[in-house]
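Enquirer: What follows is a structure written as structure tokens; I'll ask about it next.
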Amino acid sequence: MDKIAFIEEYIGKCDIVITNNDIDEAKKLQKEIVRTFSSEIGNIHSGLSNYRPFIAGVGKKTNPQYGSGNLSADYLEDIGLLRQKLINYICNIEEERSKREHELELARLKQPLVSAHAEANPVQNQSVIVRVTLEQTLKLIDDISEDNLSSADKKALKEQLYSLEGIKTTNDKNELWNKAKEILKFIADKGADAAIAALPLIMSGLLKN
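Take any residue in the sequence shown, note its place counting from 1, add 1461, and you have its number in my numbering.
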């Protein structure tokens, strides 16, 4: 499931709880959201009434990691605040995606300049080829977070790079260029991390030939 769709499910649950004015469900949902997103959303407890400092004689406060111990807590208010935090989290994710797409576009725009530089500097070009290997590239792909590149996409990208390496041995420039364009089109939709990992190997093949 897409990350944003996953978060939107929780936002939908918040809407239902608020609409039904269901305090018991709000209490349960608060605990579930905090446990699910505490490692991703910094200070997720901030502002929640159930995590406010304990006031003597009002209620017993438990470990703030789990909550549900403040007798004066307003769980419906907390759900409304958590809903806003989740919406803000989605905005942050989309902003990060936009930045990656921008970085990828910059990389694509720089590609002709890299090619032109390589043609004018064949000695430097050979140096680049020596440093970039398929093994190094595959390692970089494996290191990409699952949130940024799924296992299926990693596998597909690796298979295309294996195919590219095979074509390199044939010295067929047209076939090599067609395959390179196919891979570039693939990684254009996968974000900057995939481009950063794969572009050096792709470019080394094109420049060598």
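Even glycine gets a Cβ: it sits at the ideal position worked out from N, Cα and C. As the structure is a prediction and not an experimental result, all values here were calculated from the model.
Can you tell me where the alpha helix (DSSP H) with residue 1596 in it begins and where it stops?
Expert: Run containing residue 1596: 1595-1603, per the alpha helix (DSSP H) assignment.
Enquirer: Sorted by chain position, which residues of the same chain lie with C-beta nearer than 6 Å to residue 1578's C-beta, five sequence neighbours on each side aside?
Expert: Residue placement at residue 1578 cannot be trusted, given a pLDDT of 47 that sits under 50; what the coordinates show is reported in the next sentence. Hits under 6 Å: none found.
Enquirer: For residue 1612, count the other beta carbons within 10 Å of its own beta carbon; 16 or more makes it buried, fewer makes it exposed. Which is it?
Expert: With fewer than 16 Cβ atoms within 10 Å of its Cβ, residue 1612 is classed as exposed.
Enquirer: Could you tell me the boundaries of the alpha helix (DSSP H) in which residue 1606 lies?
Expert: Unbroken run through residue 1606: none, as it is neither H nor E.
Enquirer: Does the count of Cβ pairs from the stretch 1656-1668 and the stretch 1618-1628 closer than 8 Å reach three?
Expert: Taking 8 Å as the limit for Cβ pairs, the verdict is that the stretch 1618-1628 does touch the stretch 1656-1668.
Enquirer: Is it buried or exposed, residue 1434, if we count other Cβ atoms within 10 angstroms and call 16 or more buried?
Expert: The question about residue 1434 has no answer here: the residues shown for the chain are numbered 1462 through 1670.
Enquirer: Would you kindly report the start and end of the unbroken alpha helix (DSSP H) that includes residue 1626?
Expert: Element bounds for residue 1626: 1612-1629.
Enquirer: Which residues mark the beginning and the end of the alpha helix (DSSP H) in which residue 1503 is found?
Expert: From DSSP, residue 1503 is part of no alpha helix (DSSP H); its letter is neither H nor E.
Enquirer: Taking residue 1511 as the reference, give the member of 1500, 1539 and 1485 with the closest Cα.
Expert: When each option's Cα is compared against that of residue 1511, the closest is 1539.
Enquirer: My understanding is that residue 1608 touches residue 1464, with C-beta atoms under 8 Å, so please give their C-beta distance in whole angstroms.
Expert: The Cβ separation is near 6 Å, so the contact holds.
Enquirer: Compute the Euclidean distance between the alpha carbons of residue 1498 and residue 1505, then round it to the nearest angstrom.
Expert: Using only the alpha carbons, I get a separation of about 8 Å.
Enquirer: On the three-state DSSP scale, how would you describe residue 1442?
Expert: Within the shown structure, residues of the chain are numbered from 1462 to 1670, placing residue 1442 beyond reach of any answer.
Enquirer: Going straight from the alpha carbon of residue 1680 to that of residue 1558, what length do you get?
Expert: This structure gives no information on residue 1680, because the portion of the chain shown stretches from 1462 to 1670.
Enquirer: Looking only at its own chain, which residues have a Cβ that is under 7 Å from the Cβ of residue 1651, when we skip the five neighbours before and after it?
Expert: Excluding positions up to five away in sequence, the list reads 1610 and 1614.
Enquirer: What residue does the alpha helix (DSSP H) around residue 1473 start on, and which one ends it?
Expert: Where residue 1473 is concerned, the enclosing alpha helix (DSSP H) stretches over 1464-1481.
Enquirer: Between the Cα of residue 1472 and those of 1597, 1545 and 1636, spot the shortest distance and give me the residue it belongs to.
Expert: For residue 1472, the nearest C-alpha among the options comes from 1545.
Enquirer: Using only the alpha-carbon positions, how far apart do residue 1641 and residue 1513 sit?
Expert: Going from the Cα of residue 1641 to the Cα of residue 1513 covers about 57 Å.
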